[in-house]
Each structure stands twice: as structure tokens, then as C-alpha cells.
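Asker:
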Amino acid sequence: MKSLIIAFAMYSKIPMPRVDWEKKALSWALCWFPLVGVVIGAVLYGWMALAEFLHIGSALFAAIALLLPIALSGGIHLDGFCDTCDALSSHQSRERKLEILKDSHTGAFAIICCVLCLLVFFAGWCEVSAAGSAALVLALGPALSRSLSGFFAVTLPNARGTGLLATFTQPMDAAKARGVLTIWMVVVAAAMLWLSPLTGGAALLGAGLACLYYRIMSFRQFGGVTGDLAGFFLQTCELAMVLAVVLVQKLEAVL
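Under the numbering used here, the residues of the sequence shown are numbered 6 to 260, in order.
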């Protein structure tokens, strides 16, 4: 129970009781990370259902759909996205890029990339048909992105060996954590495909491409992963899933 509370306290703005961050509790906290995504997805699905019922316009629908996950997560993953964009845009050495990740200041490239990311994400939500099984598939997106992010965190080497991500991963039994997070991934992916083979398959393809890019980029540019990089992946993964669903829906309409 302490692990569950720590996961929600760290990765969401949902009010939680205060608990001691003991080593034993920390060792399982990341395994509850996907459940944070389930809760965020449930709220997102509620908004999609309400928007369809009230016939809310695409602009307002997209704006709230974009903001809900950010607000419920406290913007922690978007912060990591911005820090990573600053580091990648610096074109400095690996060591300097890791220093930039730790810098609390926001650079110009972080702002530029954040605006562009949110703009494309907003446009994607404007174009997607979020009704029926497609809405359920999209609502499972936050759970899948957090399952994948957690799996990479306990599988790939830590680029620094210190930091917030290391605080969660170092006390863990990596093999058991990978097993739990793999179960999360399989269950969520299977649910997506069961709900809609076409839309679910598109979302999984988008997530897969984000995983491939993340794996290559993190090793080439940083020599591993960090908490900021994990946030960067989560944002790009969720964006890729929405865009992939939009593309498949448009192709289906044409064909």
C-alpha cells in the first residue's frame, strides 16, 4: 500500500496520505506507475464521453483532452520533455548534456519544442474520432505509456547512476519489476487490440515507433536513461499513439 501511495504522490497530483519513503516501499513503487495511467485514462475517457454526449466542438474537446493528463500528472513528464529538448539541442558532449538535464533553468529550445509538441498534440486531438471503441483505446494510452516507461527504467542502464529515477530503481528487484511491468504491457496491449484491432493496432504501432526512437536516442546521446528522458519518452509515446490513430482513421475513411 505504501508503494501505491508513493507512486501516486510522485507521479500525479491526486491527493495522497503522507507515508515514509522506505526502501522496501520504494522498491515496488514503479510497478504501480501504470495504475496512475489507468486513473488518468479513466478521467480522459469520462471527458471524451461527456464531449460526445454534449456535442462539444473539436477545439474545446482537444484543449481539455490535452490538458487533463498534464494537469493530473502535475506536468512532471512535460518538464522532463523540455529538459531533454534543451539537452538534445545543445549539441554538446554527453557529459554536458547530462549537466543540462539537471539545470533548473529553461532554455529557448525547451520552450520552442514544448510549444510545437503541444500544438501538434492539440491538432491530433482535433482530428481524432474519439467515440466508441476508439475512445477506450485512447483512454488506455496513458497506462501503456507508463508501462513502457517503467519497463525501460528498470531495463536500460541509468545514464548517471543518481537522481530521482535511480532513487526508485536502485532498491528494486529488477527481474521481478520487469515481470510485473511486462504483465502490465501485455494486458493493456491485449485490451487495445480486443477493443479494436485496427485502432488498437495503430496505437501500438505508434508506441512501438516511440520506443525504437527512445532506445536509440537515449544510448547515442546520453549513454542510458534518466528521469527526464523517461518523461520525454512518455510525452512522445502518447503523442505518437494519438497521431497513429488519426492516420488510420483517415485512411479507413478514404478506403
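Virtual Cβ for every residue (Gly too), placed ideally from N, Cα, C. Since we're looking at a predicted model, the values are computed, not measured.
State the CB to CB distance for the pair Val250 and Ala139, rounded to an integer number of angstroms; the pair is presumed to be in contact (CB under 8 Å).
Answerer: Val250 to Ala139, Cβ: 7 Å. Contact.
Asker: When the Cα atoms are used, what is the spatial distance from Arg101 to Trp33?
Answerer: Taking the straight line joining both Cα atoms gives about 32 Å.
Asker: Starting from Val230, follow its DSSP beta bridges and name the residues at the other end.
Answerer: Val230 pairs with Asn163.
Asker: Please report the residue range of the alpha helix (DSSP H) in which Ile117 lies.
Answerer: Ala113 to Glu132 is the span of the alpha helix (DSSP H), which, as asked, contains Ile117.
Asker: Sort Ala135, Ile75 and Glu104 by Cα distance to Thr89 and report the nearest one.
Answerer: The shortest Cα separation from Thr89 among Ala135, Ile75 and Glu104 belongs to Glu104.
Asker: Helix, strand or coil for Gln254? Go by DSSP, reduced to three states.
Answerer: Helix.
Asker: Select from Gly155, Ile61, Val43 and Ser134 the residue whose C-alpha is nearest the C-alpha of Gly184.
Answerer: Among Gly155, Ile61, Val43 and Ser134, the Cα nearest to that of Gly184 is on Gly155.
Asker: Output needed for Phe114: all residues of its chain with C-beta closer than 6 Å, excluding positions within five of it in sequence on either side, in chain order.
Answerer: Within the same chain, Phe114 has close Cβ partners Cys90, Asp91 and Ser94.
Asker: Report, in whole angstroms, the separation of the C-beta atoms of Leu77 and Ile19, which I expect to be a contact under 8 Å.
Answerer: Indeed they touch by this definition, with Cβ atoms about 7 Å apart.
Asker: Measure the Cβ-Cβ separation of Phe157 and Tyr218 and say whether it is below 8 Å.
Answerer: Contact flag unset, no.
Asker: Could you check whether the region 203-210 touches the region 252-260, counting it as contact only if at least three pairs of C-beta atoms, one from each stretch, sit closer than 8 Å?
Answerer: These segments touch.
Asker: Just to confirm, are Gly236 and Asp84 a CB contact at a threshold of 8 Å?
Answerer: Cβ atoms of Gly236 and Asp84: closer than 8 Å.
Asker: As a quick exercise: from Ala179, Gln240 and Ala258, pick the residue whose alpha carbon is nearest that of Ile81.
Answerer: Nearest option by C-alpha distance: Gln240.
Asker: Check each candidate in Arg151, Leu143 and Cys87 and name the one with the smallest Cα separation from Leu121.
Answerer: Considering only alpha carbons, the answer is Cys87.
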